[in-house]
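In the numbering used here, the protein residues as written are 12 to 139.
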């Protein structure tokens, strides 16, 4: 029987995942196993819950890091060892909230005066 890591890579290939996604998912799975220092079949739902809380509160994972970890670990448990975990359904990475860029009056003025065609300048002047 093949090692679980190899089976995971083969399953990712069969499902058509890109090479970079394969690497990210396998890395997320490996980091989970290294965190608990035990084989993946011995990881419990409580371990998974603790791992994602650790990532969120201690490691301060970004939204994308958390999403990759969740997707990689979910893929392993659902598709490689065929073991559904209700805990994985409740984990949702937060979204990064960014504020829109607000131009200063001088920037708007320079922007509008750099437009050569009058009808475009009138349109943008109306908007601003």
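Cβ coordinates follow ideal geometry from the N, Cα and C atoms, glycine included.
Can you tell me where the alpha helix (DSSP H) with residue i in it begins and where it stops?
| i | result |
| --- | --- |
| residue 16 | 15-25 |
| residue 129 | 129-138 |
| residue 116 | 116-124 |
| residue 93 | Element bounds for residue 93: n/a, residue is neither H nor E. |
| residue 67 | 56-68 |
I think residue i touches residue j, with their Cβ atoms under 8 Å apart; what is that distance to the nearest whole Å?
| i | j | result |
| --- | --- | --- |
| residue 111 | residue 87 | So it is not a contact: roughly 38 Å between Cβ atoms. |
| residue 114 | residue 123 | About 10 Å; that fails the 8 Å criterion. |
| residue 126 | residue 132 | 4 Å |
Go through its chain and collect everything with a Cβ distance to residue i's Cβ below 6 Å, but skip five positions before and after it.
| i | result |
| --- | --- |
| residue 18 | 91 |
| residue 59 | 98 |
| residue 79 | 35 and 39 |
| residue 83 | 36, 39 and 40 |
| residue 94 | 88 |
According to DSSP, is residue i part of a helix, a strand, or is it coil?
| i | result |
| --- | --- |
| residue 98 | helix |
| residue 28 | coil |
| residue 50 | coil |
| residue 76 | helix |
| residue 113 | coil |
| residue 103 | coil |
| residue 108 | coil |
| residue 85 | helix |
Decide if residue i is buried, meaning its Cβ has at least 16 other Cβ atoms within 10 Å, or exposed.
| i | result |
| --- | --- |
| residue 38 | exposed |
| residue 33 | buried |
| residue 77 | buried |
| residue 62 | buried |
| residue 66 | buried |
| residue 81 | buried |
| residue 43 | buried |
Can you list, in chain order, the residues of its chain with a C-beta nearer than 8 Å to that of residue i? Leave out the 5 residues immediately preceding and following it.
| i | result |
| --- | --- |
| residue 22 | 86, 90 and 91 |
| residue 16 | 37, 40 and 41 |
| residue 56 | 96, 97 and 98 |
Please go through the same chain and pick out, in chain order, the residues whose beta-carbon is closer than 7 Å to the beta-carbon of residue i, but skip the five residues on each side of it.
| i | result |
| --- | --- |
| residue 47 | 54 and 58 |
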